[in-house]
Amino acid sequence: MKNQDELIAQANAILTMGEKVLATETSDTQSKSLVNEEKFHDFRISALSFLGRVFGEGSIYYESFRTEVIHHTASRTRRGIGMLAAAIRELQGEWLATTGGAISRDILLEMLRLARMHYEQDNPWAAAVIAGAILETELRSLCLARGIPLNNEIQGKAVPKKGLQLTGEAYKKKLYDRQDNKAVIAWLELYDAAVKGAGDSIAGDQVKSMLNQMQAFLTKIKY
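Here it is as structure tokens:
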């Protein structure tokens, strides 16, 4: 899988960055092994950005790195290198095709059932908000798996792309057809109206159609 190879290459590049940080190891007056502070923080930020983007900020990799690799010492740097090595092994073990795909889709489908419950309880606004959040999560997972960047670089900062931009780029790469893209755009617009609190403009039949069609969309789209 091309994208899998690219992710592994990115992870290896960050791991190499960590090894270069470790090469700056020195001892202070208290015989505590330190590394170059600036290089350490570059390594830490790069690793956290990668782990959060690929595995999620709630993953064991991201959380462990965030809480353990916090000081510019040689021992903490070694921990970070070890965590990245474990993440690379996970990616090499078809993580994208299994954990990153089927399991997350099962969770999304379960959440979609929750949205349907809200609709059946005469709360189409809540159903639209939940369904829209599910849709954006699916778009991000799909784009990540197919090598589409999830962020825009604006003034040196990574700014997450909106759902409309993601679906446009996914459609251009022919990840789904024109009809699906038109449906996704309509769902995102309904979601946006719900988030903005425009409940009066949300018709129950629109939400019902969204829920039914999204069920089929989530099931058929392959990573």
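Mapped onto this note's numbering, the consecutive letters of the sequence shown carry residue numbers 226 to 448. A virtual CB, placed ideally from N, CA and C, is assigned to each residue, including glycine.
If we call anything under 9 Å between Cβ atoms a contact, is residue 290 one with residue 309? With respect to residue 309, residue 290 sits close: the two C-beta atoms are nearer than 9 Å.
Quick check: the Cα distance between residue 479 and residue 371, rounded to an integer number of angstroms? Here the chain covers residues 226 to 448 and nothing more, so residue 479 does not appear.
Can you tell me whether DSSP reads residue 327 as helix, strand or coil? Note that residue 327 scores 46 on pLDDT, short of 50, meaning its location in the model is unreliable; the coordinates nonetheless yield the value given after this. Helix, per DSSP.
If you reduce the DSSP assignment to three classes, tell me which class residue 282 lands in. Of the three classes helix, strand and coil, the one that applies to residue 282 here is coil, per DSSP.
Would you call the stretch 296–313 and the stretch 269–276 touching, i.e. three or more CB-CB distances under 8 Å? Three or more Cβ pairs closer than 8 Å define a contact, and the stretch 296–313 meets that threshold against the stretch 269–276.
Coil, strand or helix - residue 375 by DSSP: Looking at residue 375 - three-state DSSP - the assignment turns out to be coil, as it is neither helix nor strand.
Would you tell me roughly how many angstroms separate the C-alpha atoms of residue 307 and residue 231, rounded to the nearest one? C-alpha separation (whole angstroms): 20 Å.
Whole-angstrom C-beta distance between residue 293 and residue 301, which should lie under 8 Å: 7 Å between Cβ atoms; contact.
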